[in-house]
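So the structure is just underneath, and the comments pick up after that.
2 protein chains.
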Amino acid sequence: MGRWLPDAHGRLARAALELYSERGFEQTTALEIAERAGVTERTFFRYFADKREVLFQGSQELQRIILEAIAQTPADVRPVDAVIAAIDTVGGLVFDRAHSVRRATIIAANPALQERELLKFSTLTASVAGALRERGVAEPSATLAAETGVTVFKIGFERWITGTPSEDWAECIRDTVRQLRDVTPSLIVSQV
Amino acid sequence: MGRWLPDAHGRLARAALELYSERGFEQTTALEIAERAGVTERTFFRYFADKREVLFQGSQELQRIILEAIAQTPADVRPVDAVIAAIDTVGGLVFDRAHSVRRATIIAANPALQERELLKFSTLTASVAGALRERGVAEPSATLAAETGVTVFKIGFERWITGTPSEDWAECIRDTVRQLRDVTPSLIVSQV
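Going line by line, the protein sequences match chains A and B.
Quick note: the first sequence uses the working numbering, first residue 1, plus one each step.
Quick note: the second sequence uses the working numbering, first residue 1001, plus one each step.
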């Protein structure tokens, strides 16, 4: 294949994460990423709108898979359980643990990236609520189920990347659901 | 009192919300707000760091009251119930309904303000989780209880400002808790 290198997208993504880890996100340029990946800066911009996009391109794919899984869940499954089952499904399909750990570390070090991550979860929650409304779930139940599901996702994900590497995704999600059930608020609350 | 007008802070806040509603947030300047309030631009900046701050200055006060209420809850109250009770408490103290409706409309019209609002809730969640850890609650239960409480806050608030004006804050919170309990995920989820 001569000088042409296959999988430019994957090599650019890996090079970007390496550089963000080594030098920090702000200190890395698109040109440096392209050079490390062995392609031109123009090739970088063919795959990614900007430096940030390298870290968030997967989010749309993740959202698409979750929404599709919800749509395919049998109608008699409770809405919130459909969301949790969808989240359970994506783990094996989407995430590489080493990549996820590295990405999380880069984001934790940069407030602007953290805000982008918040926005990602907020968009996911709104989309999941929309998918539930399409299943006939009324508001505010749709949004409450979506918020609950996304909380399980966030906390389960956190556990998956910080816990023992042997613990699998489904286990982290299941355990987070168990812990969430223990913090269900009581009905009578106005006693303070 | 001559030309000196009392409550410059309150008049600036009201003038700002009027102008943001009439012209849009982006189209309003600090000078215009000051003029409508009958003070100088310099006075505006004595009270607010910038235009956005007019909409978010209350958030810190809100957070302070919630954290204080959690700290004062008897130790035998379940953590999540302490959070809900604290949220129940703030309603009567902090919010004016007409002001809240107007503020929500302004924020809904501006993506940058929406992001700031997301950040506010994220900060509140982290602070509430911190307050629960101080009560001896371990992770991830502290964060799960905080996420649950802030979800009830958001959805209850939404209901309070969009529902019938006669429905009071405590009623909105109580009803949201009831609906949240109905979307508690089941223990077994991996059947899709």
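Ideal Cβ placement from N, Cα and C applies to all residues, glycine included.
None of these values were measured; they are calculated from a predicted model.
Proximal residues to residue i (C-beta, below 7 Å), its chain only, five neighbours per side dropped
{"i": "glutamate 147 of chain A", "result": "Thr125"}
{"i": "leucine 19 of chain A", "result": "Thr28, Glu32, Ile33, Arg36"}
{"i": "serine 1127 of chain B", "result": "Gln1063, Leu1067"}
Whole-number beta carbon distance between residue j and residue i, since they are thought to touch under 8 Å
{"i": "arginine 103 of chain A", "j": "leucine 55 of chain A", "result": "6 Å"}
{"i": "glycine 1156 of chain B", "j": "threonine 1176 of chain B", "result": "4 Å"}
{"i": "phenylalanine 25 of chain A", "j": "leucine 113 of chain A", "result": "6 Å"}
{"i": "threonine 28 of chain A", "j": "alanine 34 of chain A", "result": "With a Cβ gap of about 11 Å, threonine 28 of chain A and alanine 34 of chain A do not count as contacting."}
{"i": "glutamate 115 of chain A", "j": "glutamate 1053 of chain B", "result": "Not really, about 17 Å apart at Cβ, beyond 8 Å."}
The alpha helix (DSSP H) enclosing residue i, as first and last residue numbers
{"i": "phenylalanine 48 of chain A", "result": "First-last for phenylalanine 48 of chain A: undefined, no H or E at that position."}
{"i": "glutamine 1057 of chain B", "result": "1053–1072"}
{"i": "leucine 31 of chain A", "result": "30–37"}
{"i": "proline 111 of chain A", "result": "111–134"}
{"i": "alanine 138 of chain A", "result": "First-last for alanine 138 of chain A: undefined, no H or E at that position."}
{"i": "leucine 180 of chain A", "result": "169–182"}
{"i": "leucine 17 of chain A", "result": "8–23"}
{"i": "alanine 1075 of chain B", "result": "Careful: alanine 1075 of chain B lies outside any alpha helix (DSSP H) and carries neither H nor E."}
{"i": "serine 1100 of chain B", "result": "1097–1108"}
8 Å Cβ shell around residue i - same chain, five flanking residues per side excluded
{"i": "leucine 1105 of chain B", "result": "Per the sequence presented here, residue 1105 of chain B reads as threonine, with leucine not at that position. For threonine 1105 of chain B, where only same-chain residues beyond five positions count, the Cβ hits under 8 Å are Ser1021."}
{"i": "valine 1039 of chain B", "result": "Leu1005, Ala1008, Arg1011, Leu1012"}
{"i": "arginine 133 of chain A", "result": "Glu139, Ala142"}
Inter-residue Cα distance where the pair is residue i and residue j
{"i": "alanine 1075 of chain B", "j": "glycine 149 of chain A", "result": "29 Å"}
{"i": "phenylalanine 1153 of chain B", "j": "alanine 98 of chain A", "result": "36 Å"}
{"i": "histidine 1009 of chain B", "j": "phenylalanine 1045 of chain B", "result": "10 Å"}
{"i": "arginine 1014 of chain B", "j": "serine 166 of chain A", "result": "57 Å"}
{"i": "aspartate 1168 of chain B", "j": "alanine 1069 of chain B", "result": "20 Å"}
{"i": "cysteine 1172 of chain B", "j": "alanine 1037 of chain B", "result": "34 Å"}
{"i": "aspartate 1088 of chain B", "j": "arginine 1174 of chain B", "result": "8 Å"}
{"i": "methionine 1 of chain A", "j": "glycine 130 of chain A", "result": "Any reading at methionine 1 of chain A needs caution, since the residue's pLDDT is 36, under 50, leaving its predicted position unreliable; the model's value is listed next. Between methionine 1 of chain A and glycine 130 of chain A, the C-alpha separation is close to 46 Å."}
{"i": "glutamate 61 of chain A", "j": "glutamate 41 of chain A", "result": "24 Å"}
{"i": "leucine 187 of chain A", "j": "arginine 1178 of chain B", "result": "6 Å"}
{"i": "threonine 1164 of chain B", "j": "alanine 30 of chain A", "result": "53 Å"}
{"i": "alanine 1170 of chain B", "j": "alanine 170 of chain A", "result": "37 Å"}
{"i": "threonine 162 of chain A", "j": "proline 1140 of chain B", "result": "12 Å"}
{"i": "arginine 1023 of chain B", "j": "serine 122 of chain A", "result": "27 Å"}
{"i": "aspartate 182 of chain A", "j": "lysine 1051 of chain B", "result": "42 Å"}
{"i": "alanine 1071 of chain B", "j": "leucine 1180 of chain B", "result": "24 Å"}
{"i": "valine 1077 of chain B", "j": "glycine 1136 of chain B", "result": "12 Å"}
{"i": "tryptophan 160 of chain A", "j": "threonine 151 of chain A", "result": "14 Å"}
{"i": "alanine 1086 of chain B", "j": "serine 1100 of chain B", "result": "19 Å"}
{"i": "threonine 73 of chain A", "j": "glutamine 1057 of chain B", "result": "44 Å"}
Proximal residues to residue i (C-beta, below 6 Å), its chain only, five neighbours per side dropped
{"i": "serine 1059 of chain B", "result": "Lys1120"}
{"i": "glutamate 217 of chain A", "result": "As shown, chain A starts at 1 and ends at 192. That puts residue 217 of chain A outside it, with no answer to give."}
{"i": "glutamate 158 of chain A", "result": "none"}
{"i": "valine 1192 of chain B", "result": "Reliability of the predicted coordinates at valine 1192 of chain B is poor, the pLDDT of 43 falling under 50, and no value is obtained from them."}
{"i": "leucine 1017 of chain B", "result": "Arg1102"}
{"i": "asparagine 110 of chain A", "result": "Phe25"}
Residue-chain proximity (residue i, chain D), Cβ-Cβ < 8 Å
{"i": "threonine 1143 of chain B", "result": "No chain D appears in the structure shown, which is made up of the protein chains A and B."}
Using 8 Å as the cut-off, can you tell me whether the segment 55–65 of chain A makes contact with the segment 89–96 of chain A, which would need three or more C-beta pairs spanning the two stretches below that distance? yes
Taking contact to mean 3 or more Cβ pairs, one atom from each stretch, closer than 8 Å, check whether the segment 1076–1086 of chain B and the segment 1136–1146 of chain B are in contact. yes
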